[in-house]
Amino acid sequence: MTRVESTPSTPVVRRQMHLPIPKFSLGRLIKLGLLIIVLWVLVQVSRTGMWTIPVISRLAYTRPEPRAVSVELSTERTNLASRLSAAVGGSVQIADGELTAVARAGASTLHLGVQGLNVANAAGQPIELSFVIPQRHNALVRIELTPRLANQRVQFDVQRTRVGMVDVPQWLVGEPTKLLLAAALAQYLTAAPPMQTVEAVEGGLRFTFAPR
20 MTRVESTPST PVVRRQMHLP IPKFSLGRLI KLGLLIIVLW VLVQVSRTGM WTIPVISRLA
80 YTRPEPRAVS VELSTERTNL ASRLSAAVGG SVQIADGELT AVARAGASTL HLGVQGLNVA
140 NAAGQPIELS FVIPQRHNAL VRIELTPRLA NQRVQFDVQR TRVGMVDVPQ WLVGEPTKLL
200 LAAALAQYLT AAPPMQTVEA VEGGLRFTFA PR
């Protein structure tokens with residue numbers, strides 16, 4: 020018989036792959052964190068529309084549009100005063116076109132240096148007071164307001180303030196600006212009978228007055 024000897028098998032050598040794992044020191048982590056913070060700040064600045072940052076502004080910013088005024092702008096402010104003074108035991112609606120005219124007159128008197136000031140309202144939403152800042156690439160400011168009565172005076176509470184696409188603190192823009200609309204309306208309401216309610220409605224504000 021022929022003897023068959025087994026040939027020893029060649030051992031298979033398995034190669035171990037070593038992926039490069041970056042080594043982070045504390046200093047590198049701090050630098051990476053600072054880089055992320057700086058990038059985030061640049062993105063937020065570009066989203067305000069007040070400054071143009073190359074590349075970032077093109078990717079992160081889209082210029083918003085203000086809410087449209089639903090009623091044609093009215094400049095008959097004398098007629099508005101007479102309507103309010105004659106509203107005994109009834110209601111008067113001031114269209115957003117009239118509110119816009121009143122607010123623009125107040126802004127012009129104070130020389131605020133803003134343009135395109137609009138006051139617009141839609142059903143079920145706060146009033147939007149908007150304007151652009153010409154010195155800052157026409158950055159759009161939008162302030163959402165809700166009206167209320169306080170000691171027979173119309174006041175507004177700020178719900179939201181945005182510069183471009185960014186929400187900003189109320190005290191920075193919204194709180195000072197709300198006084199403009201309240202003060203502009205006050206001069207037309209001085210001769211009006213006592214007010215009972217004020218509410219935002221589709222296309223403006225509605226006042227109800229007590230009988231004398």
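Just add 19 to wherever you are in the sequence shown, counting from 1, and you've got our numbering. By construction, the Cβ of each residue, glycine as well, lies at the ideal position given by its N, Cα and C atoms.
Three-state class that DSSP yields for residue i in the structure shown
i      : result
Ala211 : coil
Ile72  : coil
Asn137 : strand
Leu164 : strand
Gln112 : strand
Gly183 : coil
Gly223 : strand
Val173 : strand
Val57  : helix
Leu191 : coil
Gln63  : helix
Leu159 : strand
Thr216 : strand
Glu117 : helix
Leu148 : strand
Cβ neighbour criterion (16 or more within 10 Å) applied to residue i
i      : result
Asp115 : buried
Val107 : exposed
Arg1   : Because the chain here runs from 20 to 231, residue 1 falls outside it and cannot be looked at.
Glu117 : buried
Leu78  : exposed
Ser149 : buried
Val161 : Residue 161 is actually Arg in this sequence, not Val. The residue is buried, with at least 16 neighbouring Cβ atoms inside 10 Å.
Asn66  : As written in the sequence, residue 66 is Arg, which differs from the Asn given in the question. Its Cβ being crowded by 16 or more others within 10 Å, Arg66 is buried.
Ile55  : exposed
Ala105 : exposed
Gly46  : exposed
Gly223 : buried
Val151 : buried
Gly183 : buried
Thr119 : buried
Thr81  : exposed
Val57  : exposed
Beta carbon of residue i nearer than 9 Å to that of residue j
i      : j      : result
Ser53  : Ala211 : A quick correction: the sequence has Leu, not Ser, at residue 53. No, these two residues do not count as a Cβ contact at 9 Å.
Ala122 : Leu200 : yes
Pro85  : Glu163 : no
Ser110 : Thr227 : yes
Leu168 : Gly68  : no
Pro153 : Gly132 : yes
Val173 : Asn137 : no
Leu61  : Ile72  : yes
Asn140 : Glu194 : no
Tyr207 : Leu129 : no
Gln178 : Pro145 : yes
Arg225 : Ile75  : no
Anticipated Cβ contact below 8 Å, residue i with residue j, distance rounded
i      : j      : result
Ala219 : Pro166 : 6 Å
Gln215 : Ala202 : Going by Cβ atoms, the distance from Gln215 to Ala202 rounds to 22 Å, so no, they are not a contact pair.
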